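Novice: The working numbering puts the first residue of the sequence shown at 10, with every later residue one more than the last. For glycine and all other residues, C-beta sits at the position ideal for the given N, C-alpha and C. The model shown is predicted, which means the values in this text are computed figures rather than measured ones. Input: one structure, supplied below.
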Amino acid sequence: MKRSIALSIALLPLALTACAKTAPGEAPPASPAAEVIGKAVSCLPLTSYSTTRIRDDWTIDFIGGAGSKVWRVTLPHKCPGLKSADSFSFETSLTQLCSNDIIYPIRQYGGQYQREGACGLGDFVPVKLLDK
Numbered sequence: 010m011k012r013s014i015a016l017s018i019a020l021l022p023l024a025l026t027a028c029a030k031t032a033p034g035e036a037p038p039a040s041p042a043a044e045v046i047g048k049a050v051s052c053l054p055l056t057s058y059s060t061t062r063i064r065d066d067w068t069i070d071f072i073g074g075a076g077s078k079v080w081r082v083t084l085p086h087k088c089p090g091l092k093s094a095d096s097f098s099f100e101t102s103l104t105q106l107c108s109n110d111i112i113y114p115i116r117q118y119g120g121q122y123q124r125e126g127a128c129g130l131g132d133f134v135p136v137k138l139l140d141k
C-alpha cells in the first residue's frame, strides 16, 4: 500500500505535465492572435509607441500612435504577476527600450505602488492583430 502511494506521488508531476497545453517554459498563444508582418528588432525607440497592452504573463504589445503599428514582445520566461498587475516600469539611460532591458510589474498596495520581481524582455516583433 505504501509503495503504491509513493509511486502515485512520484508519477503525479509526469501526469500533470502530460495534461499541459504547452511545454514547460514555453509561452502559451497570446490573445488576440497576431500575424508577423516584419523582421524582429532588438530595440524600439521610446517615441515609437504610445501605449502598451499586457496580454498575459508572457506577452506585451507595444502600440504606436492611433494603433497604426504594433510590436509584440514575447518574454523569454514567464513574468509572474505581470497580467494581474497590468502595469510595469523600466529604467533606461537610452532613448530606446531593448530586448536585454528589464521590466518590473507594478502593484498598488494600500495606496502605494510597489515594484515586483524583475523580468527580461525579448525581441520586438512587428505584428498585425487579427482580432481585437
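#1: Helix or strand or just coil, what does DSSP make of residue 75?
#2: Report yes if the CB atom of residue 106 is closer than 9 Å to the CB atom of residue 139, and no otherwise.
#3: Per DSSP, residue 40 forms a beta bridge with which residues?
#4: Can you grab the Cα-Cα spacing for the pair residue 79 / residue 71, in whole Å?
#5: Just grab the DSSP bridge partners of residue 81 for me.
#6: Nearest to residue 127 by CA position, among 66, 48, 59, is which residue?
#7: Within a Cβ cutoff of 7 Å, which residues of the same chain sit near residue 94, ignoring the five residues on either side of it in sequence?
#8: Check residue 56 in the structure and name its three-state DSSP category.
Specialist: Per the coordinate set shown:
#1: helix
#2: no
#3: Bridge partners of residue 40: none, in fact.
#4: 6 Å
#5: 70, 134
#6: It is 66 whose Cα lies nearest to the Cα of residue 127.
#7: 114, 115, 116, 125
#8: helix
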